[in-house]
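Please read the structure below before turning to the comments.
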Amino acid sequence: MKQSRWMSLVEAVTNVLVGYGVAVATQWVVFPLFGLHATLQENLVIGLIFTAVSLVRSYLLRRAFEGLRGVG
Numbered sequence: 019m020k021q022s023r024w025m026s027l028v029e030a031v032t033n034v035l036v037g038y039g040v041a042v043a044t045q046w047v048v049f050p051l052f053g054l055h056a057t058l059q060e061n062l063v064i065g066l067i068f069t070a071v072s073l074v075r076s077y078l079l080r081r082a083f084e085g086l087r088g089v090g
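Numbering of the sequence shown is given in the working numbering, commencing with residue 19 and proceeding in unit increments.
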């Protein structure tokens, strides 16, 4: 069964939102290990930037693979 573009977006957004929470928590723990000290607000903004990039990446990859499925 072929996944619609809308469901591809819903899946990507869900995946990225979960990833956002994991990323912010990871940054909070890992940054100090490298001498980086960011406030919670800075960590949230950094996480949002990476989340936006991840959302676009996930959606485009999903659509590319969906297109390849139709080729073979």
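Just so it is clear, CB atoms sit at the ideal spot from N, CA and C, and this is done for glycine as well. Note that the structure is predicted; figures quoted are calculated from it, not measured.
Rounded C-beta distance between residue i and residue j? I'm assuming under 8 Å.
i         : j          : result
valine 94 : leucine 62 : A query on residue 94 cannot be resolved here, the shown segment of the chain reaching from 19 to 90 and no further.
So, helix, strand or coil for residue i, using DSSP?
i            : result
leucine 27   : helix
serine 22    : coil
alanine 70   : helix
threonine 32 : helix
leucine 54   : coil
Would you say residue i and residue j are within 8 Å of each other, going by their C-beta atoms?
i            : j            : result
arginine 80  : alanine 30   : yes
tyrosine 38  : threonine 69 : yes
glutamine 45 : glutamate 84 : no
Of the residues the options, which one's Cα is nearest the Cα of residue i?
i          : options                    : result
valine 71  : Val34, Leu27, Ser22, Val40 : Val34
leucine 66 : Leu27, Met19, Val40        : Val40
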